[in-house]
Structures are given as C-alpha cells and as structure tokens.
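**Q** To start, I am sharing the structure in question, which I have written as structure tokens.
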Amino acid sequence: MRNVAVRNLCCGVLLVAVLALAVWAGWVAWERYRAANRPLFHEIGWPDLVPAGWTPPDVLRGMNVNRYQDGDPEAIDALARMKNAWADAPAVKALDGRLVRIAGYVIPLDRENDEVHEFLLLPYFGACIHVPPPPSNQIIYVRSKAPLEGMMTMDTFWVDGTLQVSTTDSPWGQAGYTLQAYDTQHYEVPAQSNKS
Amino acid sequence: MPGILSLALRSAWNRRTTLAFIVAAMVLATILLLSVTQARRSLHESFSQAVNGTDLIVGARGSNVQLLLYAVFHIGDATQNMSWASAQKLARHPAVAWSIPLSLGDSHRGFPVLATSQAYFEHLQVGHGELLQFSQGRMFNDVYDAVIGSEVAQRLGYAVGQRITLTHGAVAMPGAAHADKPFRVVGVLAPTGTPVDRTVHITLAGMEAIHLDWQAGAPLPGMHISAEAARRFDLTPKTITAQLLGLKRRSDVFAMQRAVADEAAEPLMGVLPGVTLDQLWELAGRGEQVLMGLAWVVAVAGIAGMVATLLASLQARRRELAILRAVGAGPWEILALLGLEGLGVTLAGMLLGVLLTASLLPLMSAWLEVHYGISLAGLSLDVTSVTMLALLLAGGVLGSLIPGVCAWRMSLSEGLAPRV
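Shown next as structure tokens:
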C-alpha cells in the first residue's frame, strides 16, 4: 500500500513538472518570435530633436549671469526673454513618421489602476519644480495602446515608437512631438563615480 | 486506502470544535490579506478616475496635495481663495482649451455643495474619458437651480423638482442655514464612482446670492435681502476656490504651470493632478506597507495556531495512530494524512474567507461612498491576490507537516504499543 501511495505521488509531481516545462518552453519560443519580428528602431538623442544649425537668439549677450542672485530682477527679466526665445523652437520635420528609440524622464498624465496610457518624456530631472520648463521641441507627448505598469513620476525609461511632428496653435512653440509607443523598458541610470 | 481516508474524516469530525477554531483563524487571515490589497488598489483607482482628463488645477499658492484633496475630493479646507479676475485671465489664455471654476464652502445635510459653471458638465471627465451623463433632468440655468449627484439622490430620496436649503459650512450648525433662499433640483447625474456622486452642484451666481447679506460666515443683522431681490444684484463672484484647466496641447502643461506661478497679480499655483497623486501615494506608502505587514503577521499567527493545536492533539491521538498502523497504514500514510488535514483546514478557511470578503467589500464601499465619494470595486482575484492565497495555502500545508513528522516518528518508535 505504501508503494502505491508513493508511486501516485511521484507520478503527480512528474506530471506537474512536465506541464511547467512545456509552458516555459512555449513562452521562450513566443518571446524569440516577437524579438525576431521587431521593427528596427533608430536610437536618437535629445539634441537630434532640434534642427541642425538652429541657435537660440543670444539673449544673454553682455550679461554676467554668474553675478546674479536668485530673485534678482535682471535675472528674472533675462529668464523671461529666454523663454520667449524658446517659444519659437522649431521641430525637425524629417523625423515625422520615423521609428525612434529615445530615453528620458517620464511624467504620467492619466493613470487607471496603475496602468498608464499617456505620459510626457523629458530630457532632464525635475522639470516640474523650480527649473525652467523645456522648450516645446524638447518635450515628447507619448501615447501607448498597451498599458504600461509600474511607471512613477520622474522614472527613467527607454521608449521605442513612431515619432510624429504636429503643429498646434500654442503660445509656446508651434511644433510639437508625439510618439506612438511600441515598447518601453526601464533605463538604468549608471552609478555616479565619487571622483568629482 | 479509502478505508483509512474515511477513518481520518471521522476522526476529524470528532475533533470538529478544535478544527473549527483553526478554520476561523484562517478565515480572518484571508479576509485581512484580501481586504487590504483590494482596498488599496480600489482606492488608487478611484482617486485616479476623478482627475483623469484635467491638465492643471489652479488655486492659491500653498500645498499641492491639499489643493488636490480639497478641489477634487472636497476633503479638508482651502487656505485661501483665488480672484475671479485671475480665473478669467487664465480662461482666456491662448493655450487653454477649457476651464472650470470651482467654489466650495457650503453643504447640504452633510453633502458638499459645489458652485461651478456649465463648463463642468461639458468638459469634466470621469473615468475613461467619459463626460457627465444625466439620469434625470438637465443642467442648471437659473440662479437657484441645483444638480445633484447620484449618491445624494439615492440617500436623501430626491428627484427633479425637490426644493432644498443649503447650510453654511461643512457641518449643519444652528443658525447657519440659508433658509430664505431655497434651491430647486433640476437634474440628477448618473453614477460615476467619483466624488461627483456625493456633491450638490449650484451656479456661481447662486453661491453669490445666498451670501449677499452674510458677512464672515453669519447673516448681517437687520439686513435681509429676499431671494427674488437678490436676482437684481450683480451676482458675478469676486473669488473662487480653484479652477480646472484643460490645455489644447498636453505637453504645454509645464509652461502653463510656470505661467500661473509667475502671475504677478496674486500668488497662485498650478498642480499636475497625476504627479500630485503620486506624491500622495508616496506619503501613504509607508502606512500601506505597515498594514500589509500586519496582515501577514496575522496570517502567520493563524498558521502557528493551527500547528500548535495539531501538535497538542497528537498526544490524545496516540491510540488512534496505533489503530491506523494496525489496519495497515505505514508511517508515510500517517504523514500524508496529517498533511491532508492541514491542507483541508487551510483550504476551507481560505474559501470561506474569500466568500466573506466578497460580501463585506460592498458594505465597506457603501460607507466610503457616502462619506468620501470613493467607491471600492468588488473582489477581483488577480495575479497578486491568487499568489497571496497560494502562499497562505503552502504555509498551511508546510506548517501541518511539523505535526506530521512528529506523528511519523511516533508511529515508527511506538509501533502497535502506544504509551498511553
């Protein structure tokens, strides 16, 4: 009787192990297939979103900005003039419809049940605190059909997708970038060395 | 083999009182684990639903979390108002697609009263990009019109045509009622699962009218303006509590936020609802972790109780184990039977716990709905919950192996001659 019980137990365990192996093999095959059929995304950096050869008008000419304290009226005035100059920041029309891969900091806009469908991608940290906001050609409005989970404000992500250049009637730059996301991955920020 | 099984079942039935208490401990552990996870998830979802679609919330400069909680969820108080002039200026800003002014401060039988414009019904999004729907009636037109949320209508039994009186402040105090200026319900909104359901909406003109002859929260003695007389006054508001903004291009939100902050006329701030909610959850995150930890401690205590009871009962079952050996059960069968008993008890406790949680959650949700406008979804067994339950089951089975091993060794050493 003991042998029957032990044998039945062993058979059961073996069956479960085989099933688990089959499921895992199937999953690996699916991932391989998906990776093989992935469209090719061209990696770009944030400077690529600014047309080559465009320089903002030199509003800081003749000013010694190192001298200014926070709240200095001249500094505030300089900032205002800089922002006005950035308002005319143009977009690179050639990037419209391109498949690109870019990394940045995220600001989730709409969240349902920890799933994010729309977010903004930014080039630097803390764009919503007391630093000036980036010009309109340095913010990407990303939309994803597949929900993205575990995305917290100011996380870093790689985003692969189709870039679109659109024009809107806005006081802060006519041109804007929208990205239809295909895929996202966490961006691991490299550890800072303590040498400086 | 079946013979031994039926013997074991009858043995368990004999000890049913003890086992019933162990099952009760498992039930409590399951209810606690499931409720904490479910409530946390529903709360996050419910809060997010209420702010979807709004790009910026503008109010007097202060704490962003407090502005969000007050303007959208009507929890807490406002520290300062913003001027109507600033609100108008922002509404006309070229980057703004729509704006909704909000003014709070009064209540009706415990439900907050919100004064707003018709843009509220045209632009406010609740849930997945849906606008507000009416289950009865229409939006307000006249100064003394009111539109109520579904929760208000259901709790107080109101319908279109009902006359209501508003009270100054959040709680009904004697002498604080605006009794001379009743409002008429002209519309009831469909349920949304957001704080809209428990809000009474009136026009901004109506809010001005009821406070015309009031000063600093009390009616001015000797100065009484009737409801009809109030219509002839200029009922444009001077200040409002907050303003919701929707932008033409969502990526302009930072530039807009900076424009609001740089407004020289008065100290204002604009908050991004999503970012502020994340900050709120970060604050609450520690508390949630502690709660989850406590729930697991209770689960472990339940399993430990089960192990202790089974171990203690082994003494009393020596003769029973000897009889089982006599009818042909080997030591492995004894171990398996005790493991099966642990599995059965844990499984019974878990299933009962799941059933009870499924019936308790709607009750808790009803209470939260009335008091905070937050609705909890019913029990949904997703990957996290199922993993938790599986862990609990595994814990129960592993725990019952301890008395099982004891019984195994006991039956080996004592054989058919137990020391009773």
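From first to last, the protein sequence lines are chains A and B. Going by the working numbering, the first sequence opens with residue 1, and the numbers climb by one from there. Going by the working numbering, the second sequence opens with residue 197, and the numbers climb by one from there. For glycine and all other residues, C-beta sits at the position ideal for the given N, C-alpha and C. Bear in mind that the values here come from a model prediction, so they are computed numbers and not experimental data.
Given that a residue counts as buried once 16 or more other Cβ atoms are within 10 Å of its Cβ, and exposed if not, what is Ser196 (chain A)?
**A** On the first sequence, position 196 is the one that residue 196 (chain A) refers to. At Ser196 (chain A) the pLDDT is 47, less than 50, meaning the model places this residue with poor confidence; the figure from the coordinates comes in the next sentence. Classification for Ser196 (chain A): exposed.
**Q** Once the 5 residues before and after Glu149 (chain A) are set aside, which same chain residues still bring their CB inside 7 Å of it?
**A** Numbered from 1 along the first sequence, position 149 holds the residue referred to as residue 149 (chain A). Correct list, in chain order: Asp114, Glu115.
**Q** State yes or no: is the beta carbon of Gly176 (chain A) nearer than 8 Å to at least one beta carbon in chain B?
**A** By one-based count along the first sequence, residue 176 (chain A) stands at place 176. So yes, Gly176 (chain A) belongs to the interface.
**Q** Taking the alpha-carbon positions, what's the Ile398 (chain B) to Trp27 (chain A) distance?
**A** Mapped onto the second sequence, residue 398 (chain B) falls at position 202. Mapped onto the first sequence, residue 27 (chain A) falls at position 27. Cα-Cα distance, rounded: 56 Å.
**Q** Along the chain, where does the beta strand (DSSP E) that runs through Met110 (chain A) open and close?
**A** As a working note, residue 110 (chain A) is residue 110 in the first sequence. A small fix is needed here, since residue 110 (chain A) is Asp in this sequence, not Met. Run containing Asp110 (chain A): 99-112, per the beta strand (DSSP E) assignment.
**Q** Measuring straight from C-alpha to C-alpha, what distance separates Glu610 (chain B) and Arg521 (chain B)?
**A** Counting from 1 along the second sequence, the entry for residue 610 (chain B) is found at position 414. Counting from 1 along the second sequence, the entry for residue 521 (chain B) is found at position 325. Taking the straight line from one Cα to the other gives about 10 Å.
**Q** Comparing C-alpha positions only, which one of B:Ser607, B:Val566, B:His420, B:Leu575 sits nearest to Val550 (chain B)?
**A** Residue mapping note: residue 550 (chain B) aligns to position 354 of the second sequence, counting from 1. It is B:Leu575 whose Cα lies nearest to the Cα of Val550 (chain B).
**Q** Assuming Ile227 (chain B) and Thr553 (chain B) form a contact by the criterion Cβ under 8 Å, report the distance between their Cβ atoms to the nearest whole angstrom.
**A** If you number the second sequence from 1, residue 227 (chain B) lands on position 31. If you number the second sequence from 1, residue 553 (chain B) lands on position 357. Correct: roughly 5 Å between the Cβ atoms.
**Q** Quick one: does Glu112 (chain A) have its CB under 8 Å from some CB of chain B?
**A** Taking the first sequence and counting its residues from 1, one reaches residue 112 (chain A) at position 112. Yes, contact with chain B.
**Q** I believe Ala175 (chain A) touches Val159 (chain A) by the beta-carbon criterion, under 8 Å. Please report the beta-carbon distance rounded to the nearest angstrom.
**A** On the first sequence, residue 175 (chain A) is found 175 positions in, with the first residue counted as 1. On the first sequence, residue 159 (chain A) is found 159 positions in, with the first residue counted as 1. Rounded, the Cβ-Cβ distance is 19 Å, inconsistent with contact.
**Q** Quick one, which of A:Asn84, A:Thr156, A:Gly45 has its alpha-carbon nearest Arg101 (chain A)'s?
**A** By one-based count along the first sequence, residue 101 (chain A) stands at place 101. Here the closest residue by C-alpha is A:Gly45.
**Q** Beta-carbon of Glu241 (chain B) versus every beta-carbon of chain A: anything under 8 Å?
**A** Taking the first residue of the second sequence as position 1, residue 241 (chain B) is located at position 45. At least one chain A Cβ lies under 8 Å of Glu241 (chain B).
**Q** Below 8 Å between beta carbons is the criterion; list the residues of the stretch 141-156 of chain A that meet it against any residue of chain B, in chain order.
**A** So the close ones are Tyr141, Met152, Thr153.
**Q** Is Ala221 (chain B) closer than 8 Å to Gly498 (chain B) when the C-beta atoms are compared?
**A** As a working note, residue 498 (chain B) is residue 302 in the second sequence. As a working note, residue 221 (chain B) is residue 25 in the second sequence. For Gly498 (chain B) and Ala221 (chain B), yes; Cβs fall inside 8 Å.
**Q** For Thr156 (chain A), is the beta carbon positioned less than 7 Å from some heavy atom of the ligand COA?
**A** With respect to the ligand COA, the structure shown offers nothing to examine, as it has no ligands at all.
**Q** Are the C-beta of Glu326 (chain B) and some C-beta of chain A separated by less than 8 Å?
**A** Position 130 of the second sequence, counted from the start, is the residue given in the question as residue 326 (chain B). False, the Cβ-Cβ gap to chain A never drops below 8 Å.
**Q** Gly345 (chain B) and Asn248 (chain B): beta carbons closer than 8 Å?
**A** Position 149 of the second sequence, counted from the start, is the residue given in the question as residue 345 (chain B). Position 52 of the second sequence, counted from the start, is the residue given in the question as residue 248 (chain B). Going by C-beta atoms, Gly345 (chain B) is not nearer than 8 Å to Asn248 (chain B).
**Q** What's the call for Val4 (chain A), buried or exposed, on a 16-neighbour Cβ count within 10 Å?
**A** Locating residue 4 (chain A) in the first sequence gives position 4, counting from the first residue. Under this definition Val4 (chain A) is an exposed residue.
**Q** Applying the 10 Å Cβ sphere with the 16-neighbour rule, what's the burial state of Trp209 (chain B)?
**A** For the purposes of this step, residue 209 (chain B) is taken as residue 13 along the second sequence, with counting starting at 1. Trp209 (chain B) should be labelled exposed.
**Q** Between which two residues does the alpha helix (DSSP H) carrying Gln332 (chain B) extend?
**A** As a working mapping, residue 332 (chain B) is identified with position 136 in the second sequence. Element bounds for Gln332 (chain B): not the alpha helix (DSSP H) but the beta strand (DSSP E), 330-333.
**Q** Check the Cβ of Val108 (chain A) against every Cβ in chain B and list those closer than 7 Å, keeping chain order.
**A** Working through the first sequence from its first residue, we reach residue 108 (chain A) at position 108. The sequence shown places Pro at residue 108 (chain A), rather than the Val named in the question. Neighbours of Pro108 (chain A) on chain B, chain order: Gly470.
**Q** Under 8 Å, with one C-beta from each stretch per pair, do the stretch 499-519 of chain B and the stretch 593-600 of chain B reach the 3-pair mark?
**A** Verdict: yes, contact present.
**Q** Can you have a look at Trp30 (chain A) and say buried or exposed, based on whether 16 or more other CB atoms are within 10 angstroms of its CB?
**A** By one-based count along the first sequence, residue 30 (chain A) stands at place 30. Answer is exposed; the Cβ neighbour count stays below 16.
**Q** Can you check DSSP and say which residues form a bridge with Pro415 (chain B)?
**A** One-based indexing of the second sequence puts residue 415 (chain B) at position 219. DSSP lists B:Trp410 as partners of Pro415 (chain B).
**Q** Near Tyr182 (chain A), what residues of its chain come up, given a Cβ to Cβ distance below 6 Å and the 5 sequence neighbours on each side ignored?
**A** As a working mapping, residue 182 (chain A) is identified with position 182 in the first sequence. Result list for Tyr182 (chain A): Asp160, Gly161, in chain order.
**Q** Going by alpha carbons, who is nearest to Ala457 (chain B) out of B:Ala256, B:His289, B:Thr233?
**A** Sequence index remark: in the second sequence, residue 457 (chain B) carries index 261 (1-based). Measuring from the Cα of Ala457 (chain B), the nearest candidate turns out to be B:Ala256.
**Q** Is Thr437 (chain B) closer than 8 Å to Ala293 (chain B) when the C-beta atoms are compared?
**A** Position 97 of the second sequence holds residue 293 (chain B). Position 241 of the second sequence holds residue 437 (chain B). In this structure, Thr437 (chain B) does not lie closer than 8 Å to Ala293 (chain B) by Cβ.
**Q** Kindly provide the ranges of any beta strand (DSSP E) runs that are 3 or more residues long and lie completely inside the stretch 293-333 of chain B, ordered along the chain.
**A** Fully enclosed beta strand (DSSP E) runs of 3 or longer: 307-312, 330-333.
**Q** Please go through the same chain and pick out, in chain order, the residues whose beta-carbon is closer than 7 Å to the beta-carbon of Glu459 (chain B), but skip the five residues on each side of it.
**A** Taking the second sequence and counting its residues from 1, one reaches residue 459 (chain B) at position 263. Cβ within range, chain order: Ser282.
**Q** Buried or exposed, going by whether 16 or more other CB atoms sit within 10 Å of the CB of Val219 (chain B)?
**A** In the second sequence, counting from the first residue as 1, residue 219 (chain B) sits at position 23. Burial call: buried.
**Q** Could you name the residues of chain A that Asp430 (chain B) contacts, counting a contact when the two beta carbons are closer than 7 Å?
**A** Locating residue 430 (chain B) in the second sequence gives position 234, counting from the first residue. Correct list: empty, because the minimum Cβ distance to chain A is about 32 Å.
**Q** Looking at the C-beta of Glu537 (chain B), does it have a partner C-beta in chain A at a distance below 8 Å?
**A** By 1-based counting over the second sequence, the position of residue 537 (chain B) is 341. Glu537 (chain B) does not count as touching chain A.
**Q** Considering just the uninterrupted stretch of the beta strand (DSSP E) at Asp341 (chain B), what are its terminal residues?
**A** Looking up residue 341 (chain B) in the second sequence gives position 145. Note, Asp341 (chain B): beta strand (DSSP E), 341-344.
**Q** To the nearest angstrom, how far is the alpha carbon of Phe379 (chain B) from that of Ala216 (chain B)?
**A** Here residue 379 (chain B) refers to the residue found at position 183 when the second sequence is read from its first residue. Here residue 216 (chain B) refers to the residue found at position 20 when the second sequence is read from its first residue. Straight-line Cα distance between these residues: approximately 57 Å.
**Q** With a threshold of 8 Å between beta carbons, is Ser244 (chain B) in contact with chain A?
**A** Working through the second sequence from its first residue, we reach residue 244 (chain B) at position 48. Yes, its Cβ sits closer than 8 Å to a Cβ of chain A.
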